[in-house]
Every structure is written in C-alpha cells, then in structure tokens.
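2 protein chains.
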Amino acid sequence: MAEALEGRRSTRRTATLASLAAELGVSRTTVSNAYNRPDQLSPALRRRVLDTARRLGYPGPDPVARSLRTRKAGAVGLLLTEALSYAFRDPVAIQFLEGLALACEDNGSGLLLVPVSPEAEDVGAVARAGVDGFVVYSMPDDDEHFAAVLERPVPVVVCDQPTDVPDVDRVGIDDQAAMVELAQHLAGLGHRRVGVLCMRLSLDRNDGFASVSRQDSARYEVQRRRLAGLRDGFTAAGVDWSTVPVVERFDHTEAAGAHAFDQLAERHPDVTAVVCTSDILALGALRGARAAGRDVPGDLTITGFDGVPAAERAGLTTVRQPSLDKGRAAGELLLDRGDRQRSRTLLLPTELMVRQTSGPPKS
Amino acid sequence: MAEALEGRRSTRRTATLASLAAELGVSRTTVSNAYNRPDQLSPALRRRVLDTARRLGYPGPDPVARSLRTRKAGAVGLLLTEALSYAFRDPVAIQFLEGLALACEDNGSGLLLVPVSPEAEDVGAVARAGVDGFVVYSMPDDDEHFAAVLERPVPVVVCDQPTDVPDVDRVGIDDQAAMVELAQHLAGLGHRRVGVLCMRLSLDRNDGFASVSRQDSARYEVQRRRLAGLRDGFTAAGVDWSTVPVVERFDHTEAAGAHAFDQLAERHPDVTAVVCTSDILALGALRGARAAGRDVPGDLTITGFDGVPAAERAGLTTVRQPSLDKGRAAGELLLDRGDRQRSRTLLLPTELMVRQTSGPPKS
DNA sequence: GTGAAAGCGCTAACAG
DNA sequence: CTGTTAGCGCTTTCAC
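Just so you know, the protein sequences line up as chains X and P, in that order. Under the numbering used here, the letters of the first sequence match residues 177 to 539, in that order. Under the numbering used here, the letters of the second sequence match residues 177 to 539, in that order.
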C-alpha cells in the first residue's frame, strides 16, 4: 500500500494547519476553531481562514492526526468469518451488513471491513485497523483473528458466535430452541426417518457424513446448537439420533446443497424429511431432489433455516431469523452510549415458517 | 461517537510503547522494532519485549498513531450514491462491492464505507475518513460529497459516473453503445412502437413521464447515456424519438418497475416493446405485464440492463455488464503501484444477452 | 475572541 | 543490534 497511492493527486501534499496559521498570522487554535468550532471566532475571521485555506490548497484538518489527538477514529470495524468478499455472496450476511450499515449511518460512523486474507496468519490487519470498536460476525471458536480483536482495547460486539466471551456484548438468536421447534413440527407431521444437511463443522474440509462426536465437537457453535436442537426435538419424538444421517458441506452454496442431497439420498433413500441448517443448502437440496424426480412435499419434505428472500420465493418451509435486525442491534449495542455496565446479550426472536416444502411423510 | 465507546473494555487504556520501553529499560525504537522489524533485534530481546507487553496489557502499537507517522491509513474509502445501507439492496452494487473487496483483500487494505447520511449536508464524514484513497461509485453530477472527496489530497477512482473529472481514474462501460446495440436488436425484430422505463434522472422525485429535455439534462450520466443510446439506435431505425414515451421512477425496486409499467401501458397500450434501463425495473415490469395478462414475449417484449442473477433466472433479455470486474478494477486502479501517470479510463465490455423476453412484435 | 503550551503515540533516519 | 533525535498534524485546557 505504501507507494501504491503516491499518485498524481497525492503529490499535492501541501499546507498544514500550522502553515496556514503562519500565513494568516494567527494561532493554530484559531484555524482549528474555524473548522471545528465556528462559534469560537468572528464570522469574518472564519471566512478569511477558510478562503486562505482554499487558496493554499489546504484540505482541512488531517483526519488521522485528528483521530490521534481526539482518540476516536469515527469508524467501526467489522470482522467476518470468511474472506471479506464472501460476505457479499451470502444473503444472510448481506442482510446483516445492511442492518449494521444502518446503525453506523445513524451514528455518522464509518464501517471498516477488515481484510482477513483467505487463511491468513495475517492477524496484523486487525491490529492495524483504526476503529473505535469491533463487530464480529459469526466466527468459529478459537479464531486467531477474533483473539486479535480481543487484544485491542476497544469494545466488541459479537453476532451469533462464539458465545460466552467475557466482557463482550452479543446479539444472536436461540438456534437450539428454534431447531427444537422445527423438529417438533416435522415429528408432528409424522416424520421419523430424517436426514440432515449441515454447514461446515470445522476448519478442515469434510464433505460427507458427520459422526455424532464430530457434531458435538463442531468448532462452529451455531451449527453445533442447531444440530443439538434437532437432536433434542427428534429424540423427544422417539427417534434415535445416532441413526440420523448428517451430511456436512464445507462450501455454502446451492450446488453443495444439491450434491449433499444426492449423497444422502443414495445412502439413505428411505428418509422422508431432509432438514437443512441453512436456506442455501435447502434450496440446493430442493433442486437436487426435484432433479432426481422426487416430489416435494409429496414424497419428501425439505426444510431450511434463515428465511432469506429466495426461500420465500421458493415456498421453502424454514425458520426465519431477523438478520437485518441483528446487524442493526449489533451496531447499536456497540455505538449506543449509556448503560454499558456488564456484558449484555440480546437474543432476537425466530419464527417457524411453514410453507410448501413440508408435509406428512408419504407412506 | 465520543463517549459512546467508552466502555468496559476501553477503560483498560494502559501502557504505551514509551512506557513499555521505560519498564524494560530499552529505547522506544527497540520496542517498535520488536513489532515492526523482528530482524532488527535479537530473538531473545524480542521475546522479552513481547512478554512484558502482554504482562502490562500493552495492545501493540496504536494504529492511529502509526498511521499518522507513516502517512498511510491502510484503508480505501468507498463513497456510494445512496445511503450506505442501500448498497446492500442493489444486486449490482453488491457485485461491485464484492469485486472491490477482493481487490482490497489482495492488497491487505481495509475497505471503509463512508457514512453518507440520507440527504445530509454532512460532507464532514468524507473529510473525516482516514483513508489512502477513495473509490466513488456512481454518483450524480455536481454531488457535494464527491466534491469533498476531490478536496482530499488522495487518489480517487470513479466507477461509472460522473465522467470527465480531471486527475481521476475511472472504470465503467460504454452505456450508450450498449444501448444502441439493444435498440438495433429490437428494431431488427421489427419493433417501432417502443416505451422506456428508466431510473431517476435527477434528485427531485418524478415518478412519471420524462420529456426529452428532462432526459437530456439528467443529472445521472449513466441514465442519460443509456437513453441517448436508445435514441440513437431507434432513430436510425426510423423511429421518431420524441414520440417515445419514457417513464421515470425515483425508487429502484421491482415494485416501482411494475407500477411504471402500468403507467406506461395505460397511456400507450400500443407499444410492442418496453425497454428498461435496469434489470430490477424490468423484472418489475415483467411481473406487472404478466399480472395484467400480457404474454411476454408473445405480445410484448421486455428488456433489462445489468445482467443480475435474477434476470438470468427469469430469462430476461438484457445487457450484461461485468459489475464484479468493475469493482475489482476500481480497487486495482487505486491500489496498483506503477504507471500512475495521467488519468486512466478503463472501459469494460458488455454483452447483449438475448433470452426469452424479447421477440418479434405481435401484429 | 485569541494565543501559548503541551502533548496524543508512534516511526525513521542516523549514529554508535 | 540499540539509542538519540525529531517530528507526523492536530486539539485543547487555560490564561489573556
């Protein structure tokens, strides 16, 4: 980045507040006031200062120097699970971003997307971010970037995962309870032979079946809890969870969902319901199932999680979560003045959306 | 923002590089080197420095102070047409963002979304952004925020509009030529009675027909050029452009597109083709047309512009533009070292995608 | 209404 | 390999 930006425009690095003051024969204070406290000087003098500034090409107080002095950067840092660019492919993340952006806007704060290189050791980006606080979106347990955030002496708000971090506010949903509810819905319809499609459970790629022990030790708390909710709900309905096939996918795409469905269906052709831990996966599964000639919900039930717009269009039965509200709440939690006593946790409501991809089992 | 972030965590503002050095009995340089130039001191000493830092709760060099000293912020600022949050609703903007994020990632730069309040005078946010350069996405002519960006002594890259800004690089497409091609396609099919749906042409809301003079004086250059392209293309086919109805919409949503279609169809029921200057509008028009019982493309042709995923799914005939590439190119143009001589303009290719919403006129 | 003094916390020559 | 010297550009009491 060093010389990268040494361009045409940047060469006109010219006047400073001090040189302007000298030129005008006034003190630096006065010039500073002209910009920051217009009421502290006569309008005439202020006008003179600003005019001279323009003539000298003085661009106004340097933002970085001001930040150093005032001890505030005017920006919120955002740390994301994946590469920065991935966020713009995931509809849930996009909605979260929109909500967060809204909160920042209201506050006049900038939103700094912290570059987290692919698998980078480069924790440096976190240390180098000039921000007044961090919002951390859905990180795996024991993430080093997150650890780096915690090192910084600024407030932090986590969305979703990980939970139970001392001195850190959090906003999320009750993933486990939401899944219990979904399981009850399906069990109520009569489903007993179910299969599950879930997102990655650890940092190492495992595109295939996930054992119960792998499920329980998942490094992604959200997935762990969603699976736990399904286990609780189905177990209560008399299903032996250890017999329930869970297929994991590292990539979070519809294609992955479709392929995971094939894998599940091949080995367990008898399942009557496929529960997916995300809408994207479910949408893919739906496509895969229909491509395989299955009738949904006629002879197969498929459900998702998240409540993205595409799921609604597809009539997918799913659990809706307020992604945008999570973003806004995270921003507000970070930026809101006031009662910042002990760490707060905000759990937002979810809603089971029964639509057209779930029904009673065929037989 | 001031006290907003004075929280639990932030109170542990403690050691500085200087106090650490004092504690260790070494110079500040040494401590600085421990962080920035590990090769400049013995591993043993470095370890001692780092250990003591941890013990004292020293979080490492303050990013803002470092930025002041090194004269680089490590971040790129992004200025967007609308409120920050709008960007996350527009699929074209999202793709642009993704591309830009990719370029930033590669460079290890942060991406700072500059908060531009709704209709804010608050140009201050631009002045206050600690960034090494700005990417400006599709701004109207004579925008004051953009003007504020130009005041800053840093490099600037504009995407799309406005064009012809001195000393500023630009990336975009040839909107006019792309529309000429589309017009030729439609004229070739035999369409002579056409109608147009376009995005806002100025900052004041005008949800209705736009006169030729309003078209020509549009403050949004992209819309101006797309309309000009249509005019050129259809005029060449013998159409009197002054008779072509152009319906404008301030909001860029499918609902607006559908409603605009109704408005057009009511007053000009005889048009055989509706050309929209964006896919969103076209998707809305398509919905409106079908809701009105029209057969597309049977008795009505509808086209879009942009090439968003939803347009592909809908089989919409449109002009595809490489939104992601534009974002990446903008980032690279800003960050790439090297030949930064005079201002560069990068025009990316577009492609006419003839799909299932265009066909010969009915009669 | 205006100025003087005192750094914010850090890095970068350049000596040693 | 380590320390000295000089600020980066600005804001902010606190007197005048």
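Each residue gets a CB set at the ideal place from its N, CA and C atoms; glycine is no exception.
Going residue by residue through the stretch 266-331 of chain X, where are the continuous beta strand (DSSP E) segments of at least 3 residues, counting only ones entirely within it? Segments of the beta strand (DSSP E) lying fully in the stretch 266-331 of chain X: 286-289, 310-313.
For the stretch 276-294 of chain X, list every residue whose C-beta sits within 7 Å of some C-beta in chain P, in sequence order. Those would be A277, L278, C280, E281, N283, G284, S285, G286, L287, L288, L289, V290, P291, S293, in chain order.
So with Cβ pairs under 7 Å, would you call P:E327 a contact of chain X? If you number the second sequence from 1, residue 327 of chain P lands on position 151. Among the residues facing chain X, P:E327 is included, as its CB has a counterpart in that chain under 7 Å away.
Quick check on the DSSP output: the alpha helix (DSSP H) that includes P:D408 runs from which residue to which? Taking the second sequence and counting its residues from 1, the one referred to as residue 408 of chain P is at position 232. Residues 397-412.
Mind pulling the chain X residues with CB within less than 7 Å of P:F322? Taking the second sequence and counting its residues from 1, one reaches residue 322 of chain P at position 146. Within chain X, no residue comes near P:F322; the closest Cβ sits about 14 Å away, beyond 7 Å.
So what does DSSP say about X:E430, is it helix, strand or coil? Counting from 1 along the first sequence, the entry for residue 430 of chain X is found at position 254. In the structure shown, X:E430 sits in a helix (DSSP, three-state: H, G or I).
Here's the rule I'm using: 16 or more other beta-carbon atoms within 10 Å means buried, otherwise exposed. How should P:V540 be labelled? Within the shown structure, residues of chain P are numbered from 177 to 539, placing residue 540 of chain P beyond reach of any answer.
Could you list which residues in chain P have their beta carbon closer than 8 Å to that of X:P219, in chain order? What you label residue 219 of chain X is simply residue 43 of the first sequence in a count that begins at 1. Simply none; closest approach about 18 Å.
Going along the chain, which unbroken runs of the beta strand (DSSP E) with 3 or more residues stay wholly within the stretch 459-498 of chain P? DSSP runs (the beta strand (DSSP E)) wholly in the stretch 459-498 of chain P: 477-479, 494-496.
For X:T246, name the three-state secondary structure that DSSP assigns. As a first step, residue 246 of chain X is located in the first sequence; it is residue number 70 there, counting from the start. Three-state result, X:T246: helix.
Given 8 Å, three or more beta-carbon pairs between the stretch 527-536 of chain P and the stretch 480-491 of chain P: Yes, they touch.
Can you name, in chain order, every residue of its own chain whose Cβ lies under 7 Å from the Cβ of X:D317, other than the five neighbours on each side? Within the first sequence, residue 317 of chain X is the residue found at index 141, counting from 1. The beta carbon of X:D317 sits closer than 7 Å to those of P338, R395, E397, all from its chain and outside the five residues before and after it, given in chain order.
Cβ contact (3+ pairs, closer than 8 Å) linking the stretch 365-373 of chain P and the stretch 435-451 of chain P: The stretch 365-373 of chain P is in contact with the stretch 435-451 of chain P.
CA-to-CA distance, X:R346 to X:D408, given in whole angstroms: The count along the first sequence starts at 1 and reaches residue 408 of chain X at position 232. The count along the first sequence starts at 1 and reaches residue 346 of chain X at position 170. Those two C-alpha atoms are separated by around 25 Å.
If we define contact as Cβ-Cβ less than 7 Å, is P:G250 a contact residue for chain X? One-based indexing of the second sequence puts residue 250 of chain P at position 74. The beta carbon of P:G250 falls within 7 Å of a beta carbon belonging to chain X, placing the residue at that interface.
Neighbour list for X:A505 in chain P, Cβ cutoff strictly below 7 Å: On the first sequence, residue 505 of chain X is found 329 positions in, with the first residue counted as 1. None at all; the shortest Cβ gap to chain P is about 14 Å.
Could you work out which residues of chain X lie near P:I456, taking near to mean beta carbons separated by less than 9 Å? Residue mapping note: residue 456 of chain P aligns to position 280 of the second sequence, counting from 1. Scanning chain X for C-beta atoms nearer than 9 Å to the C-beta of P:I456 yields nothing, as the closest lies near 13 Å away.
Are three or more beta carbon pairs between the stretch 210-219 of chain P and the stretch 277-288 of chain X nearer than 8 Å? Taking a contact to require three or more Cβ pairs closer than 8 Å, the stretch 210-219 of chain P and the stretch 277-288 of chain X do not qualify as touching.
Pairing CB atoms from the stretch 251-268 of chain X with CB atoms from the stretch 233-246 of chain P, are three or more of them under 8 Å? They do not touch, by the three-pair rule.
Residue burial classification, P:R185 (beta-carbon count within 10 angstroms, cutoff 16): Reading the second sequence from its first residue, position 9 is the one you call residue 185 of chain P. Confidence is the limiting factor: at P:R185 the pLDDT is only 49, short of 50, which leaves the residue's position unreliable and the question unanswerable from this model.
Along the chain, where does the alpha helix (DSSP H) that runs through P:D392 open and close? Within the second sequence, residue 392 of chain P is the residue found at index 216, counting from 1. Residues 388-392.
If you compare alpha carbons, which of P:L522, P:L500, P:V495 is closest to P:A269? In the second sequence, residue 269 of chain P corresponds to position 93, counting from 1. Nearest option by C-alpha distance: P:L500.
Per-residue burial, P:P498 [other beta carbons within 10 Å of its own, 16 or more giving buried]: Along the second sequence, one-based indexing puts residue 498 of chain P at 322. It is buried - the Cβ of P:P498 has at least 16 other Cβ atoms within 10 Å.
Rounding to the nearest angstrom, what Cα-Cα distance links P:W417 and P:F410 in this structure? Reading the second sequence from its first residue, position 241 is the one you call residue 417 of chain P. Reading the second sequence from its first residue, position 234 is the one you call residue 410 of chain P. Roughly 7 Å between the two C-alpha positions.
On the DSSP bridge list, what partners appear for P:V333? To locate residue 333 of chain P, count along the second sequence from 1; it is residue 157. Beta-bridge pairing links P:V333 to P:V311, P:D345.
Please classify P:T205: does DSSP put it in a helix, a strand, or coil? The residue given as residue 205 of chain P occupies position 29 in the second sequence. P:T205: helix per DSSP, three-state reduction.
So the alpha helix (DSSP H) P:A220 belongs to, where does it begin and stop? For the purposes of this step, residue 220 of chain P is taken as residue 44 along the second sequence, with counting starting at 1. Counting along the chain, the alpha helix (DSSP H) containing P:A220 begins and ends at 219-232.
Cβ of P:I270 less than 7 Å from any chain X Cβ? The sequence position of residue 270 of chain P within the second sequence is 94, counting from 1. Under the Cβ distance rule, P:I270 counts among the residues neighbouring chain X, one pair being separated by less than 7 Å.
So what does P:E424 bridge to, in DSSP terms? In the second sequence, counting from the first residue as 1, residue 424 of chain P sits at position 248. The beta-bridge partner set that DSSP reports for P:E424 consists of P:C374, P:G384.
Outcome for P:G348 when other beta-carbon atoms lying within 10 angstroms are tallied against a minimum of 16: Walking along the second sequence from the start, residue 348 of chain P turns up at place 172. Buried, by the Cβ-count rule.
Would DSSP call X:A363 helix, strand or coil? Counting from one through the first sequence, the residue named residue 363 of chain X turns up at place 187. X:A363 sits in a helix when the DSSP states are folded into three classes.
Among the residues of its own chain, which have a CB less than 8 Å from the CB of P:V309, if the five just before and after it don't count? For the purposes of this step, residue 309 of chain P is identified with residue 133 of the second sequence, where counting begins at 1. This sequence places Gly at residue 309 of chain P; Val is not what is there. In the same chain as P:G309, and ignoring 5 residues on each side of it, the C-beta atoms closer than 8 Å to its own belong to V252, G253, V330, P331, V332, V333, L510, L511, in chain order.
Bridge partner(s) assigned by DSSP for X:G160: The requested residue 160 of chain X does not occur in the structure, where chain X is confined to residues 177 to 539.
Just verifying my parser: in three-state terms, what is the DSSP assignment at X:A263? Counting from one through the first sequence, the residue named residue 263 of chain X turns up at place 87. In the three-state reduction of the DSSP assignment, X:A263 falls in the helix class.
Whose C-beta lies closer than 7 Å to the C-beta of X:Y211 among residues of the same chain, with five residues either side of it excluded? To locate residue 211 of chain X, count along the first sequence from 1; it is residue 35. The residues G236, P237, in chain order, have a CB closer than 7 Å to that of X:Y211 in the same chain once the five nearest residues on each side in sequence are set aside.
Starting from the Cα of X:P421, find the closest Cα among X:E430, X:A431, X:T429, X:D438 and give me that residue. Your numbering for residue 421 of chain X matches position 245 in the first sequence. Considering only X:E430, X:A431, X:T429, X:D438, the residue with the shortest C-alpha distance to X:P421 is X:D438.
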